[in-house]
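Visitor: Letter by letter, the sequence shown follows residues 264 to 826 of my numbering. Quick reminder that beta carbons are idealized off the backbone N, C-alpha and C, glycines included.
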Amino acid sequence: MSASAPSRAGERLDLASSEVDRSSDNRETEIDLGTLWQGIRRRLPWILLATVLLSVATYFWSKSQPDVYESSSSLVTSGSAAVPGLSDSIVRASPLPEGTLQEALQGPLVLGSIIKSVEADSNFPADVRRELVDDLRKELGERNLSTIELTSRLDPGGNGIYTVTAQAPTAPTATRLANIAAQALLNWDRSRALSGVQRAQRSLRAQIDEIDRQLRAGDLETLERDTLVTTRSTLQRNLAQASIQAEGITGSLELVSPAVEPLRPVAPRPLRNAVLAGLLTLLLGVGIAALRTVTDRTIRSEDDLLSFGLPTLGLIPRLRQRDIVLSGIVRAAREAGLYEAIGFLRVNLLSQLERRPGQRIMITSTAPSEGKSSLTATLADGLASSGQRVLLIDADLRRGTQQEVWDKYERQHVWRQLVGDGGARTLQAALQTPQNVQVMETEPGVHVLPAGPGLHDSLALLNRTDLAAAFALWGKQYDLVLVDSPPLLAIADGLVLGRAVDGVIVMAEEGRTTMQAMRQALRRAQGSHLPVLGFVLNKVSASNREAYGYSAGYAPRTGATRS
264 MSASAPSRAG ERLDLASSEV DRSSDNRETE IDLGTLWQGI RRRLPWILLA TVLLSVATYF
324 WSKSQPDVYE SSSSLVTSGS AAVPGLSDSI VRASPLPEGT LQEALQGPLV LGSIIKSVEA
384 DSNFPADVRR ELVDDLRKEL GERNLSTIEL TSRLDPGGNG IYTVTAQAPT APTATRLANI
444 AAQALLNWDR SRALSGVQRA QRSLRAQIDE IDRQLRAGDL ETLERDTLVT TRSTLQRNLA
504 QASIQAEGIT GSLELVSPAV EPLRPVAPRP LRNAVLAGLL TLLLGVGIAA LRTVTDRTIR
564 SEDDLLSFGL PTLGLIPRLR QRDIVLSGIV RAAREAGLYE AIGFLRVNLL SQLERRPGQR
624 IMITSTAPSE GKSSLTATLA DGLASSGQRV LLIDADLRRG TQQEVWDKYE RQHVWRQLVG
684 DGGARTLQAA LQTPQNVQVM ETEPGVHVLP AGPGLHDSLA LLNRTDLAAA FALWGKQYDL
744 VLVDSPPLLA IADGLVLGRA VDGVIVMAEE GRTTMQAMRQ ALRRAQGSHL PVLGFVLNKV
804 SASNREAYGY SAGYAPRTGA TRS
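(1) Does the distance from the C-beta atom of P574 to that of P750 stay below 8 Å?
(2) Measure the C-alpha to C-alpha separation of P308 and F798 and round it to an integer number of angstroms.
(3) Rounded to whole angstroms, what is the Cα-Cα separation between A733 and D720?
(4) Just how far apart, CA to CA, sit D398 and E412?
(5) Decide if L359 is buried, meaning its Cβ has at least 16 other Cβ atoms within 10 Å, or exposed.
(6) When the Cα of A537 is compared with those of F323, R787 and I768, which residue comes out closest?
(7) With burial defined as no fewer than 16 other Cβ atoms inside 10 Å of the residue's Cβ, what is the status of L638: buried or exposed?
(8) What is the DSSP secondary structure of T556, reduced to helix, strand or coil?
(9) Just to confirm before moving on: does the CB-CB distance between G708 and Q789 stay below 8 Å?
(10) What residue does the alpha helix (DSSP H) around G650 start on, and which one ends it?
(11) Give the straight-line distance between the Cα atoms of T485 and L478, rounded to the nearest whole angstrom.
(12) In whole angstroms, what separates the C-alpha of T414 from that of D472?
(13) Please classify Y672 as buried or exposed, where buried requires at least 16 neighbouring CB atoms within 10 angstroms.
(14) Taking just the CA atoms, how far does F571 sit from D659?
(15) Keeping to the same chain, check which residues put their C-beta closer than 8 Å to that of L483; ignore five residues upstream and five downstream.
(16) Hey, I310 and A552: beta-carbon distance below 8 Å or not?
(17) Can you tell me whether K802 is helix, strand or coil according to DSSP?
(18) Under a three-way DSSP split, which group does L372 fall into?
(19) How far does the beta strand (DSSP E) with L752 in it reach, from first residue to last?
(20) Assuming V391 and T436 are in contact, meaning their beta carbons sit under 8 Å apart, how far apart are those beta carbons, in whole angstroms?
(21) Roughly how many whole angstroms lie between the Cα atoms of A431 and V339?
(22) Starting from the Cα of T298, find the closest Cα among A735, R555, I587 and D670 and give me that residue.
(23) Let me make sure I understand the geometry here. Which of E366, Q740, L403 and I562 has the alpha-carbon closest to that of K379?
(24) Give the single residue among L608, R786 and G621 whose Cα lies nearest to the Cα of K739.
(25) Quick one, which of V381, A540, Q464 and R782 has its alpha-carbon nearest A503's?
(26) Quick one: is P371 buried, meaning 16 or more other Cβ sit within 10 Å of its Cβ, or exposed?
(27) If you scan the segment 353 to 441 from start to end, which runs of the beta strand (DSSP E) of 3 or more residues do you find wholly inside it?
(28) From R775 to L730, what does the alpha carbon distance come to, in whole angstroms?
(29) Locate the beta strand (DSSP E) running through T705, then write down its first and last residues.
(30) Going by DSSP in three states, L718 sits in which element: helix, strand or coil?
(31) Have a look at T433, Y425 and G459 and flag the residue whose alpha-carbon is nearest the alpha-carbon of Q446.
(32) Is the segment 698 to 708 touching the segment 668 to 688, taking contact as three or more C-beta pairs under 8 Å?
(33) Distance, Cα to Cα, D452 vs A320?
(34) From what residue to what residue does the beta strand (DSSP E) around P308 run?
(35) Could you tell me which residues DSSP pairs with T226 in its beta bridges?
(36) Relative to the C-alpha of S748, which residue among Q665, D684 and N501 is closest?
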């Protein structure tokens, strides 16, 4: 890289940072249908699993519930009755205001009479009778009926049909309970009409008693006595007529259809309940997934990184954790077919650099555990496979992992003399005596300088050393020097190391690294004038790999070929 290359990279970073500051808020709130579908698709297996499990659980739970039978009886109310008069041969009660019958049904007069009728009815099985009585008493206390329900279809004049519905564990019990409830309402309605006639009877008897008292006094004049006798005779006739009317009194309700014994239970319905539970779970799961996608502020795709104004140099697929544990990251990367992904990264990286030996590239991230050390190792392996010599320096002096990474690949390592005679075998020691350093040959073309044991005051050691001179001395015989750096937001070591390299690659982990964290990391890099070349998106999911065009299906052709 020429002397002006770092300055050009710094200028690009300045422009990118200013662009991010102007538009990041708007970009983070934007979301398209493709992004929304990707967010739902990532969570779809869990949504479907929850849907199936809840549907199956609902089905078997519903199937275990006792049967519930339902039977209905119908009452009709019609006509607008006149005010009862003593001249009427039949007295009809006045129409019921809307809602009156419902209040009466759940009140102590009607519901209390229903409870008494159920207790006295021997047609009910003893255990069912006790259960019904207990339920009805509880509903009476709470004024919330569920065993017996009343629905109505009335016209504006108050005329129409009332339907009394009863539920019970057996069909005969439901039928009997519906008829009892309907009869209780008819009795209440008739007693309502009868109460007016009874009041008239009491009034007439009181008037006759008063006239009898006056007649017994004996000090009345003839005309006054005759008048009282005539009045008493009229009252007697009215009382007799009231008694006749009391026998023919009728309410405003009439029975239209008694309850009929149902053929099948109305509950439970396992299949219906399972389907409904599944649909609700599916809708709720999709809704939550969509909401999580809309509110997600993590980096999910290359498009998210484009908003920072720097190129994305590579997209590295996610490896199975089991393969990494068993084989190590380098061997697992080879076996998992990351050759294409590392190849893209290698080509894009080299296109950013000039053709001269010893160029130094620092690989860092925003936070720990985003995969920068693994990427550095696999990139070194990929560069070596293309015939280049690579020096890998583990500069994470607090949590160096390159020794562990390469031990997984090969336990027995050969140490080669880097500079001088004998000397340091860790970066900690090499920074104190940079003229005498040995490196570990992990594979042909790849030499590694491990970090050494964890060092708490790593920044002080880095500041005391001329890093640029040391890296230049060590990298003379290599095509590239890869520096594994601590995360930019964790400690300040990366900012010091970044001033001694020719380019910086910032790692982002799909679905974990946040836009805010990346923005802060770039601002720190800008403040320290680091030559940031671009990004690498790590642990890319299978769905995104398909979208980006990585395909395991584009393999070498085997067998016969067409002429």
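Guide: Taking the definition as stated:
(1) no
(2) 30 Å
(3) 20 Å
(4) 13 Å
(5) buried
(6) F323
(7) buried
(8) helix
(9) no
(10) G650 -> no alpha helix (DSSP H), and no H or E assigned at all.
(11) 11 Å
(12) 47 Å
(13) buried
(14) 26 Å
(15) Q477 and L491
(16) yes
(17) strand
(18) helix
(19) That residue, L752, is in no beta strand (DSSP E); it is neither H nor E in DSSP.
(20) 5 Å
(21) 24 Å
(22) R555
(23) L403
(24) G621
(25) Q464
(26) exposed
(27) 411 to 417 and 423 to 431
(28) 32 Å
(29) V700 to E706
(30) coil
(31) Y425
(32) yes
(33) 47 Å
(34) No beta strand (DSSP E) holds P308; the alpha helix (DSSP H) holding it covers L296 to S327.
(35) Because the chain is modelled from 264 through 826, residue 226 falls outside the range shown and cannot be assessed.
(36) Q665
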